[in-house]
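Visitor:
Residue numbers (the working numbering), protein chains in the order written: chain A, 1 to 686; chain B, 1 to 578.
Here you go:
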């Protein structure tokens with residue numbers, strides 16, 4: 001049995017991204033910080049993880065806690081490199097996960113491809129049927145289950161899903177079928193539909209279970225391989241894995257609900273943002289993580305990222321478990337610019353991706369992208385691009401802009417790049433608005449939290465476009481996900497469907513449900529190897545007007561709440577969102593939710609950039625003056641080394657801050673100041 | 001007029017689009033009607049002050065509304081000019097659902113709001129939402145056998161529902177006295193109007209930033225550019241006339257097919273759509289009004305060229321000859337409740353079948369192309385209340401140059417999700433005996449059609465009446481370039497110990513059912529694309545492994561002989577020499 005640790009010693013966060021594996025090590029006693037960045041080892045991420053650990057120079061055995069964010073399951077799903085998985089369903093319903101909800105990938109265009117997570121020949125039916133009430137209509141054919149299990153084993157299945165209609169109302173048949181299966185199944189990979197998501201909607205529940213089962217063996221193998229690697233190097237403690245809900249969970253349990261890790265990378269970034277922004281006194285932020293092919297956006301209010309149970313990670317691939325509500329916008333540094341038949345400049349939705357990538361990375365890309373525009377306009381330093389195969393000159397890239405964009409649009413190469421940048425920003429701002437402030441929030445109450453390699457390049461322009469008054473660029477924007485691992489809490493989320501009009505609610509029943517959820521969370525956290533500082537309980541209700549289908553989430557002050565107070569909270573939240581009040585119609589309480597959070601000790605962020613490396617004056621941090629294109633003209637712009645800036649630096653734009661893996665652009669009229677945690681806060685000029 | 005640079009133009013284009021997308025979002029998320037909230041059966045747009053022509057429309061709007069609101073907005077502008085409508089004031093919102101005044105069917109209710117700048121109308125904002133009921137003989141409004149529009153529900157000419165921002169209680173009372181489940185309509189009405197106000201607020205921000213004059217100039221220039229973009233798409237086709245034919249099974253009253261004859265003539269940079277020779281107006285509700293016929297052509301063209309923006313400019317090079325004297329240009333009092341759901345999809349199918357000959361790498365074989373509307377109204381003795389349920393379903397898509405068709409895709413004119421079986425069983429006294437892929441239904445081809453859906457619903461208690469408004473029961477969705485047709489739609493009602501098949505195959509109203517009776521529906525498969533014998537034998541083997549086709553079908557449809565779990569190459573070669 002592992003001894004409980006309070007994790008006040010040396011904590012390491014490791015995040016595996018598409019290109020790099022990032023590590024952040026914090027020695028809490030001394031405040032010392034180490035950072036490592038190594039290439040991701042795609043086939044087995046654990047090599048990269050170990051390489052990053054070794055690069056710190058700190059003996060692995062001396063580390064008190066390792067928290068790990070992995071894209072193992074994300075990649076498995078997106079690339080369909082899944083474990084061979086079988087599914088047993090109610091007779092007549094084996095096609096549910098293939099039929100979907102009769103949609104198509106795009107509103108226009110009658111084409112598209114969809115491959116179900118589990119192929120049809122591995123989906124078998126057995127006689128059994130429950131009614132919507134949970135009453136048994138057809139008893140479970142137990143021999144049928146045995147035969148189906150045998151058939152799937154013979155077909156080489158490693159993992160199994162049991163998915164019956166209305167199991168959320170009565171799980172008895174699923175439980176019994178699972179019991180039968182487990183008696184012969186050679187491993188622990190048996191998933192029942194109701195266990196991850198106990199809600200009606202057979203397609204969503206079935207896909208969630210199918211994804212879970214299909215990635216479970218893969219995650220299990222990965223985690224145990226990494227545990228072995230770490231043990232060989234003297235780390236014998238439990239390590240923790242980030243979950244998509246922004247909390248972390250012991251590697252021992254993580255594979256049980258493997259589907260929850262599918263969005264863990266973006267979630268850890270959002271948790272780091274919430275943590276950093278709260279400490280900087282900005283509880284309301286829109287996070288903006290721009291990568292090569294896509295951009296992740298999330299909304300944080302009162303330092304709490306919103307959590308959604310309805311995330312769809314690609315077309316017809318819903319994963320309905322509570323996860324940090326991160327929206328992926330299909331625009332990134334690799335978004336391709338072109339001129340269409342109407343002579344208008346378009347940016348995206350096509351992307352050059354990682355390969356061939358933007359022209360400037362020299363991996364064979366020939367089409368101008370947003371990253372290339374940043375290079376042409378002097379915003380990116382060609383000498384400091386990471387992961388370049390064979391360098392391409394700025395002149396050559398400018399020439400391509402002149403050819404592809406400039407000539408048809410009547411612009412020179414530089415102006416063409418400027419146009420691409422402006423339109424790219426506009427498109428991104430529109431997409432960000434739709435998933436954040438368009439949901440009834442006043443942008444003036446928010447800050448834009450920019451991270452990822454490319455986020456700080458665009459943040460000031462986007463904030464201006466979105467009417468968000470300030471931008472927060474953290475000390476180390478390129479390793480935000482790893483920071484999320486270091487600062488994340490333990491977390492468990494519970495959802496219970498009630499579905500009753502508020503007027504007829506039993507207040508004691510509501511309180512009992514919320515208290516039970518809190519208790520369940522407490523006991524799960526008790527099983528973990530680390531001891532949180534304190535427990536926090538966050539209650540909320542999903543509500544609607546009677547007759548509606550969409551829900552809005554209403555935070556609750558505590559488990560005891562009266563009907564009138566509930567109605568009032570809902571009315572206020574609804575008005576804030578839609579500017580509509582409907583006294584004519586009653587409110588409905590659909591779900592009661594509780595998140596139980598095991599709060600970890602606060603970590604001081606002020607040493608993320610080594611204080612010893614900071615200069616006394618701004619001038620001393622100046623790297624060079626270089627011409628940068630702003631709003632139609634070249635301006636001789638100071639370029640500073642971010643790590644050398646005085647902690648309280650005050651900079652008036654235009655200026656550029658360069659650091660290892662991120663570049664921050666401060667536009668003319670913007671004013672940036674450093675804070676005591678090493679963040680840069682930029683007040684955006686109008 | 002100042003010359004606008006390409007950047008400003010693109011910026012304003014994106015801004016106008018954003019305004020419409022935000023209206024769509026606000027409307028859906030706050031609506032009560034699940035048809036709007038879940039199925040997105042709604043659309044929002046910006047229309048010109050002069051003639052109502054379309055400036056921009058949300059991309060998430062239901063495709064069948066592409067361009068429709070420019071006709072209703074134009075009508076309102078004309079009626080105001082002619083003194084037949086009260087003149088607009090700030091804060092007014094007009095309501096209209098009259099199909100003959102630029103509409104679709106009665107359930108699609110339009111709001112139109114004049115947007116004032118400096119005391120003058122700058123533009124109109126308009127949206128459409130499909131209301132769950134609008135009165136009339138059949139709950140929900142989809143009649144299979146109405147013979148006049150009065151039987152289909154309440155018809156509203158343009159009237160001010162909001163006067164200077166205040167809801168008119170008298171007009172509201174008239175509406176709610178004439179429709180079913182009226183108590184929730186106040187929520188939808190407020191949501192629909194609030195979406196327009198969201199749009200106005202965002203538009204004003206844009207005008208304040210760029211200047212009214214600049215935006216007006218940009219709108220004019222964008223219109224020209226959209227037209228030239230569509231022209232250049234057209235120019236890539238070879239000159240000539242391409243014909244397409246599509247059939248509606250029947251009008252629901254007279255058991256004879258209705259024929260859509262379409263000749264598309266491409267000359268230079270213009271496409272002319274001529275429906276001459278199509279069937280005359282029909283007795284039953286399968287007539288289309290002119291606005292719907294136009295929007296059906298537009299939506300089909302947008303499926304073919306999804307990157308051309310939706311604006312009046314894009315429609316300019318598409319010349320649609322008025323199909324006078326046909327069922328595609330119905331006048332009062334012809335019933336029209338089938339126009340938006342079914343006839344529109346047959347029009348789109350005629351466009352696809354003509355255009356696939358001209359652009360075989362851009363157009364698919366015919367999709368299932370039916371909304372699959374099944375409604376069941378009855379009384380639940382346990383809950384002691386009446387109920388009306390709708391089951392809309394998808395079907396197979398047509399194969400295309402690169403891929404097989406999707407299985408169970410939604411209607412050509414829709415983008416909506418179908419309801420989960422569990423939710424339906426919670427809400428109504430029914431049980432699904434199965435809900436599965438309809439094996440073998442995809443039309444054979446080098447790239448086969450997608451599979452349709454096969455479901456069976458049993459009535460658990462009480463009595464009820466079943467109605468069907470579907471199509472493709474007589475002829476399956478046609479294959480293209482040598483591909484086979486998809487399977488036809490089938491409807492069977494099992495009752496009194498026998499099997500009842502509707503006389504009109506895909507349409508019938510008020511079939512009496514009692515507890516234990518069952519409805520079984522097979523939706524159409526998509527048309528196949530290319531010669532079936534050109535499909536790789538190993539791919540056919542996969543189809544058989546997955547149960548999409550039987551080994552017997554593999555031989556008869558694709559000429560592939562399967563022996564055990566292997567392709568018999570010699571026998572296949574011999575079969576395919578036939």
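Glycine included, C-beta positions come from ideal geometry on N, C-alpha and C.
1) CA-CA distance, residue 452 of chain B and residue 525 of chain B?
2) Rounded to whole angstroms, how far is the Cβ of residue 376 of chain B from the Cβ of residue 464 of chain B, which I believe are closer than 8 Å?
3) Per DSSP, what kind of secondary structure is residue 529 of chain B in: helix, strand or coil?
4) Let me make sure I understand the geometry here. Which of A:406, A:685, A:376 has the alpha-carbon closest to that of residue 393 of chain A?
5) Taking 8 Å as the cut-off, decide whether the C-beta atoms of residue 520 of chain B and residue 558 of chain B are in contact.
6) Check the Cβ of residue 187 of chain B against every Cβ in chain A and list those closer than 9 Å, keeping chain order.
7) Quick one: list the residues of chain A neighbouring residue 397 of chain B, beta-carbon separation under 7 Å, in chain order.
8) From what residue to what residue does the alpha helix (DSSP H) around residue 46 of chain A run?
9) Which of the three DSSP states is assigned to residue 451 of chain B in this structure?
10) Under 8 Å between the Cβ atoms of residue 579 of chain A and residue 615 of chain A?
11) Among the candidates A:621, A:659, A:604, A:525, whose CA atom is the shortest distance from the CA of residue 30 of chain A?
12) Determine the DSSP secondary structure at residue 176 of chain B, reduced to helix, strand or coil.
13) Taking only the alpha-carbon atoms, compute the straight-line gap between residue 275 of chain B and residue 203 of chain B and give it to the nearest angstrom.
14) Could you tell me the boundaries of the alpha helix (DSSP H) in which residue 432 of chain A lies?
15) When DSSP labels each residue in this structure, what does residue 28 of chain A get in the three-state scheme?
16) Report yes or no: is there a C-beta of chain B within less than 8 Å of the C-beta of residue 391 of chain A?
17) What do you reckon, are the CB atoms on residue 223 of chain B and residue 291 of chain B nearer than 8 Å?
18) Run down chain B in chain order and give the residues with a C-beta less than 8 Å from the C-beta of residue 89 of chain A.
19) For the alpha helix (DSSP H) holding residue 485 of chain A, just list the boundary residues, first then last.
20) The alpha helix (DSSP H) that contains residue 373 of chain B, what's its start and end?
21) Assuming contact is defined by CB atoms lying nearer than 8 Å, are residue 479 of chain B and residue 487 of chain B in contact in what I supplied?
22) In chain order, which beta strand (DSSP E) runs of at least 3 residues are fully inside the segment 251–282 of chain B?
23) Name the chain A residues that come within less than 8 Å of residue 598 of chain B, Cβ to Cβ?
24) Assuming residue 703 of chain A is part of the beta strand (DSSP E), what are its boundary residues?
25) Looking at the strands, I want to know which residues DSSP matches up with residue 491 of chain A.
26) So, helix, strand or coil for residue 449 of chain A, using DSSP?
27) So, is the C-beta of residue 341 of chain A closer than 8 Å to a C-beta in chain B?
28) Just to confirm, is the Cβ distance from residue 657 of chain A to residue 678 of chain A under 8 Å?
29) Does the Cβ of residue 45 of chain B lie closer than 7 Å to at least one heavy atom of the ligand HEM?
30) Taking the CB atoms as reference points, tell me whether residue 472 of chain A and residue 285 of chain A lie closer together than 8 Å.
31) Would residue 190 of chain B count as contacting chain A if we go by Cβ distances under 8 Å?
32) Which residue comes first and which comes last in the alpha helix (DSSP H) that contains residue 727 of chain A?
33) Quick check on residue 20 of chain A: buried or exposed, where buried means 16 or more other Cβ atoms within 10 Å of its Cβ?
34) Taking the straight line between their C-alpha atoms, what separation do you get for residue 161 of chain A and residue 94 of chain A?
35) Select from A:360, A:328, A:278, A:298 the residue whose C-alpha is nearest the C-alpha of residue 287 of chain A.
36) Let me confirm a value: residue 625 of chain A is counted as buried when at least 16 other C-beta atoms fall within 10 Å, else exposed. Which label applies?
Guide: Once the coordinates are examined:
1) One C-alpha to the other measures close to 4 Å.
2) About 5 Å separates the Cβ atoms of residue 376 of chain B and residue 464 of chain B, confirming a contact at the 8 Å cut-off.
3) Looking at residue 529 of chain B - three-state DSSP - the assignment turns out to be strand.
4) That would be A:376, whose Cα lies nearest to the Cα of residue 393 of chain A.
5) No. Outside cutoff.
6) In chain order: 545, 547, 548, 580, 582, 584, 585.
7) What residue 397 of chain B touches in chain A: 110.
8) Per DSSP, the continuous alpha helix (DSSP H) segment holding residue 46 of chain A begins and ends at 45–55.
9) Coil.
10) Not closer than 8 Å, so no.
11) Relative to the Cα of residue 30 of chain A, the nearest Cα in the group A:621, A:659, A:604, A:525 belongs to A:604.
12) Note: residue 176 of chain B maps to helix in three-state DSSP.
13) The alpha-carbon atoms of residue 275 of chain B and residue 203 of chain B are separated by roughly 39 Å.
14) Where residue 432 of chain A is concerned, the enclosing alpha helix (DSSP H) stretches over 413–435.
15) Judged by DSSP in its simplified three-state form, residue 28 of chain A adopts coil rather than helix or strand.
16) Output row for residue 391 of chain A: interface = no.
17) No, these two residues do not count as a Cβ contact at 8 Å.
18) Under the 8 Å cutoff, chain B gives no residues; its nearest Cβ is about 10 Å from residue 89 of chain A.
19) Element bounds for residue 485 of chain A: 480–487.
20) Taken as a continuous stretch (DSSP letters only), residue 373 of chain B belongs to no alpha helix (DSSP H), being part of the beta strand (DSSP E) at 373–380.
21) No, Cβ-Cβ distance for residue 479 of chain B and residue 487 of chain B is not below 8 Å.
22) Fully enclosed beta strand (DSSP E) runs of 3 or longer: 258–267, 270–274.
23) Nothing about residue 598 of chain B can be reported from this structure: the residues present for chain B run from 1 to 578 only.
24) With chain A covering 1 to 686 only, the question about residue 703 of chain A has no answer from this structure.
25) Answer is A:597.
26) Correct three-state label for residue 449 of chain A: strand.
27) Between residue 341 of chain A and chain B, the shortest Cβ-Cβ separation is below 8 Å.
28) Residue 657 of chain A places its beta carbon 8 Å or farther from that of residue 678 of chain A.
29) This structure does not include the ligand HEM; it has no bound ligands of any sort.
30) Yes.
31) With 8 Å as the cut-off, residue 190 of chain B counts as an interface residue toward chain A.
32) The structure shown has nothing for residue 727 of chain A, since chain A only spans 1 to 686.
33) Per the 10 Å Cβ criterion, buried.
34) Rounded to the nearest angstrom, the two C-alpha atoms are 12 Å apart.
35) Ranking A:360, A:328, A:278, A:298 by CA distance to the CA of residue 287 of chain A puts A:298 first.
36) Exposed, because fewer than 16 other Cβ atoms sit within 10 Å of the Cβ of residue 625 of chain A.
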